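*Asks:* Please read through the structure below; I'll follow up with questions.
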Amino acid sequence: MSSITIATTEKNKPLLIYNGFNYTIERSSDTKVYWKCEHCRSIKCKGRVHTDVDFTNVLHETGNHNHPASAAHCEVRLFQDKIRSRAMNTNESTQNVIDNCLRNVSDQMVARLPNFKYIKRNIQRQRQQNDLPPLPLDKSFNMIPANLTTTLRNDKFLQFDSGPGDSRLLIFASTNQLKILEDTEEILIDGTFQVTPTIFTQLYTVHGVYRSHVFPLVFAVLADKRQQTYQRLIDELRTLCPSWNPKSVMVDFEKAAINVFQGSFGTATNPVAISACFFHLQKSILRKIQDAGLKTNYENDSQFAYHVHKISALAFLQPADVPQAFDDLYSSLPQTLQPVMDYFEDVYIGRRRPNGRATPRFPIDLWNMYFRTINGLMRTNNQAEAWHRRLKSVIQCEHPSLWIFIQSLQKEENYIHCQIVKLNAG
Numbered sequence: 215m216s217s218i219t220i221a222t223t224e225k226n227k228p229l230l231i232y233n234g235f236n237y238t239i240e241r242s243s244d245t246k247v248y249w250k251c252e253h254c255r256s257i258k259c260k261g262r263v264h265t266d267v268d269f270t271n272v273l274h275e276t277g278n279h280n281h282p283a284s285a286a287h288c289e290v291r292l293f294q295d296k297i298r299s300r301a302m303n304t305n306e307s308t309q310n311v312i313d314n315c316l317r318n319v320s321d322q323m324v325a326r327l328p329n330f331k332y333i334k335r336n337i338q339r340q341r342q343q344n345d346l347p348p349l350p351l352d353k354s355f356n357m358i359p360a361n362l363t364t365t366l367r368n369d370k371f372l373q374f375d376s377g378p379g380d381s382r383l384l385i386f387a388s389t390n391q392l393k394i395l396e397d398t399e400e401i402l403i404d405g406t407f408q409v410t411p412t413i414f415t416q417l418y419t420v421h422g423v424y425r426s427h428v429f430p431l432v433f434a435v436l437a438d439k440r441q442q443t444y445q446r447l448i449d450e451l452r453t454l455c456p457s458w459n460p461k462s463v464m465v466d467f468e469k470a471a472i473n474v475f476q477g478s479f480g481t482a483t484n485p486v487a488i489s490a491c492f493f494h495l496q497k498s499i500l501r502k503i504q505d506a507g508l509k510t511n512y513e514n515d516s517q518f519a520y521h522v523h524k525i526s527a528l529a530f531l532q533p534a535d536v537p538q539a540f541d542d543l544y545s546s547l548p549q550t551l552q553p554v555m556d557y558f559e560d561v562y563i564g565r566r567r568p569n570g571r572a573t574p575r576f577p578i579d580l581w582n583m584y585f586r587t588i589n590g591l592m593r594t595n596n597q598a599e600a601w602h603r604r605l606k607s608v609i610q611c612e613h614p615s616l617w618i619f620i621q622s623l624q625k626e627e628n629y630i631h632c633q634i635v636k637l638n639a640g
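Under this note's numbering, read the sequence shown as residues 215 to 640, first letter to last.
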């Protein structure tokens, strides 16, 4: 199957490029997005495709196009999208914007381009219409423009800004998102780096389970990954949501974040249930498989792969049974897996000592899935990661400018708001 490429239209709407045709969104549901050919009005083209909500897979094609496919025309649309993105995300001269976007393009595409003086004029016009101050070069910029501090519905969106400085912290959320956060008992935490503006380190999102659906509720832009930064974020969120006290938190295998959530919620007699993501546990095992030079064995030997899967399956035993089960598994697996088992014991079980076991970096209770499974709680934060993939497809570049990044968050908040409204309406 041909690959999908996502660009944007001149009105900054998603544009799907597939098999030499361009499509724009016609409508969407909870599970699908319906796309129409860009020529559906001009020449009544009936070509349609359906994708999943992340724009990653074509689920169905319907209708016949009444015009030929054109790879060159699609390439022109991608070029125009790159021009718009580079014009808004860099301080390059108009000529440098064009030169950088002309790299690795076909002669057929270049032949279809308008005169370069018109392309330059469009770059200049777009920058003038943006009506935003110069792009900040570091975290010492004075303030965020007023039109980026509200939602697209003109409600408050920038809930906290610590002010100029190297440890700057920004928190974006709508009033309704904060209300849902304050009431939700189960949250998922995930960080991403690729879509974060260069002057910051990561976008840290708090997702909450609302009416059996997972929604992003807080967008925090962080300067680093230090424990004190996570603590400050939680402290500010508790100021915004005084009654916030989740019972279940799913996090990455990141010690600093785990420490903060364990110390911030629950009580000594009723601690918050902190759980790491099972998918990330599996990934850590597979990384060790690769480090040990066993990737080919895993990919080509089904019996070997079956043995590897037994390691992560330990997560579904009762916590008290895991150490003995690990010892039994250790003695039964092929010798080639010893480096992987030694790693797993050191990090997740605790190496045997004369007086018991050493304390592992990540205790069994953190990654064990037994009680989460029987209580119907989530075992992975894959839905949070799926949202990050969606945001990446919307932004369409790595490390965008801060202004473009916030504008993308505004659009995402509005999309989330609409999804919640639809859910509440039944």
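Here a beta-carbon is modelled for each residue, glycine too, at the ideal position from N, C-alpha and C.
Here the structure is a predicted model, which means the values were calculated and not measured.
Beta-carbon within less than 7 angstroms of THR223's beta-carbon, same chain only, minus the 5 sequence neighbours each way: which residues are those?
*Replies:* For the purposes of this step, residue 223 is taken as the residue at position 9 of the sequence shown. If we look at THR223 and ignore the five residues flanking it on each side, its Cβ neighbours are LEU229, THR238.
*Asks:* Going by the CB atoms, is the gap between TYR418 and ASP404 shorter than 9 angstroms?
*Replies:* Residue numbering aside, residue 404 sits at position 190 when the sequence shown is read from its first letter. Residue numbering aside, residue 418 sits at position 204 when the sequence shown is read from its first letter. Yes, these two residues count as a Cβ contact at 9 angstroms.
*Asks:* Distance check for SER622 and LEU605, CA to CA, integer angstroms please.
*Replies:* For the purposes of this step, residue 605 is identified with residue 391 of the sequence shown, where counting begins at 1. For the purposes of this step, residue 622 is identified with residue 408 of the sequence shown, where counting begins at 1. C-alpha separation (whole angstroms): 8 angstroms.
*Asks:* So for ALA221, helix, strand or coil by DSSP?
*Replies:* What you label residue 221 is simply residue 7 of the sequence shown in a count that begins at 1. Here ALA221 carries a strand assignment [DSSP, helix/strand/coil].
*Asks:* Going by Cα to Cα distance, which pick from GLN340, ASN318, PHE293 is closest to ARG326?
*Replies:* Position 112 of the sequence shown, counted from the start, is the residue given in the question as residue 326. Selected option, being the one with the closest Cα: PHE293.
*Asks:* Given this structure, state the Cα-to-Cα distance separating SER516 from MET555, to the nearest angstrom.
*Replies:* Here residue 516 refers to the residue found at position 302 of the sequence shown. Here residue 555 refers to the residue found at position 341 of the sequence shown. Computed Cα separation, rounded: 19 angstroms.
*Asks:* Looking only at its chain, what residues have a beta carbon closer than 7 angstroms to the beta carbon of THR406, apart from the 5 residues adjacent to it on each side?
*Replies:* Walking along the sequence shown from the start, residue 406 turns up at place 192. Result list for THR406: GLN416, LEU417, HIS602, in chain order.
*Asks:* Looking only at DSSP bridge pairs, what is TYR237 linked to?
*Replies:* Taking the first residue of the sequence shown as position 1, residue 237 is located at position 23. Answer by DSSP bridge pairing, in chain order: LEU230, CYS251.
*Asks:* Out of curiosity, what's the CA-to-CA distance linking HIS421 and LEU451?
*Replies:* Numbered from its first residue, the sequence shown carries residue 421 at position 207. Numbered from its first residue, the sequence shown carries residue 451 at position 237. The C-alpha of LEU451 is placed about 13 angstroms away from the C-alpha of HIS421.
*Asks:* Taking only runs of the alpha helix (DSSP H) that begin and end inside the segment 477 to 528, which ones reach a length of at least 4 residues, in chain order?
*Replies:* Counting whole runs of 4 or more residues, the segment 477 to 528 contains the alpha helix (DSSP H) stretches 492 to 505, 509 to 514, 516 to 527.
*Asks:* To which residues does DSSP link PRO430 through a beta bridge?
*Replies:* Locating residue 430 in the sequence shown gives position 216, counting from the first residue. Answer by DSSP bridge pairing, in chain order: HIS421.
*Asks:* Quick check: the Cα distance between GLN442 and ILE609, rounded to an integer number of angstroms?
*Replies:* As a first step, residue 442 is located in the sequence shown; it is residue number 228 there, counting from the start. As a first step, residue 609 is located in the sequence shown; it is residue number 395 there, counting from the start. In a straight line, the C-alpha of GLN442 is about 29 angstroms away from that of ILE609.
*Asks:* Based on the DSSP output, what are the partners of GLY405 in its beta bridges?
*Replies:* Walking along the sequence shown from the start, residue 405 turns up at place 191. Paired residues: TYR418.
*Asks:* Provide the residue(s) that pair with THR365 in DSSP beta bridges, ordered along the chain.
*Replies:* Residue numbering aside, residue 365 sits at position 151 when the sequence shown is read from its first letter. None; THR365 has no bridge partner.
*Asks:* In terms of alpha-carbon separation, which member of PRO282, GLU396, VAL263, SER299 lies closest to LYS225?
*Replies:* Translated into the one-based positions of the sequence shown, residue 225 becomes position 11. LYS225 has its Cα closest to that of SER299, out of PRO282, GLU396, VAL263, SER299.
*Asks:* Can we say the segment 478 to 490 touches the segment 518 to 536, given the rule of at least three CB pairs closer than 8 angstroms?
*Replies:* no
*Asks:* Just to confirm the assignment: which complete beta strand (DSSP E) runs, minimum length 3, are found wholly within the segment 296 to 343?
*Replies:* none
*Asks:* Please name the residue in CYS251, ARG291, GLN549, GLN309 whose C-alpha comes closest to that of PRO282.
*Replies:* If you number the sequence shown from 1, residue 282 lands on position 68. Looking at the Cα atoms, CYS251 is the closest of the given residues.
*Asks:* Spell out the partners DSSP gives ASP375 in its beta bridges.
*Replies:* Counted from its first residue, the sequence shown places residue 375 at position 161. The partner list for ASP375 (beta bridge, DSSP) reads LEU384.
*Asks:* First and last residue of the beta strand (DSSP E) that includes LEU273?
*Replies:* Within the sequence shown, the letter at position 59 stands for residue 273. Segment 272 to 276, the beta strand (DSSP E) holding LEU273.
*Asks:* For TYR584, which residues of its own chain have a beta-carbon under 8 angstroms away from its beta-carbon, when the five flanking residues on both sides are left out?
*Replies:* The residue you call residue 584 lines up with position 370 of the sequence shown. Only ALA529, PHE530, LEU531, GLN532, PRO533 meet the Cβ criterion.
*Asks:* In terms of alpha-carbon separation, which member of LEU500, THR304, VAL263 lies closest to ASN278?
*Replies:* Residue 278 sits at position 64 when you count from the first residue of the sequence shown. Nearest option by C-alpha distance: VAL263.
*Asks:* Can you grab the Cα-Cα spacing for the pair LEU637 / LYS334, in whole Å?
*Replies:* Taking the first residue of the sequence shown as position 1, residue 637 is located at position 423. Taking the first residue of the sequence shown as position 1, residue 334 is located at position 120. Their backbone Cα atoms lie some 45 angstroms apart in a straight line.
*Asks:* Taking buried to mean at least 16 other C-beta atoms within 10 Å of its own C-beta, is GLY507 buried or exposed?
*Replies:* Taking the sequence shown and counting its residues from 1, one reaches residue 507 at position 293. Its Cβ having fewer than 16 others within 10 Å, GLY507 is exposed.
*Asks:* Looking at C-beta atoms only, is the number of pairs between the segment 615 to 630 and the segment 348 to 366 that lie closer than 8 angstroms three or more?
*Replies:* yes
*Asks:* What does ASP592 pair with, by DSSP beta-bridge criteria?
*Replies:* As a first step, residue 592 must be located in the sequence shown, where it is residue number 378. Checking the sequence, you will find Met at residue 592 rather than Asp. According to DSSP, MET592 bridges with nothing at all.
*Asks:* Would you mind sorting ALA482 into buried or exposed? The rule is 16 or more other CB atoms within 10 Å of its CB.
*Replies:* Here residue 482 is taken as the residue at index 268 of the sequence shown, counted from 1. Exposed, by the Cβ-count rule.
*Asks:* How do the segment 499 to 513 and the segment 474 to 481 stand: do at least 3 beta-carbon pairs fall below 8 angstroms, yes or no?
*Replies:* Too few Cβ pairs lie closer than 8 angstroms, so no.
*Asks:* Suppose the cutoff is 6 angstroms on Cβ atoms and the five residues either side in sequence are ignored; what does the same chain contact list for MET215 look like?
*Replies:* Looking up residue 215 in the sequence shown gives position 1. Because MET215 sits at a pLDDT of 46, beneath the cut-off of 50, its placement in the model cannot be relied upon, and the point is left open.
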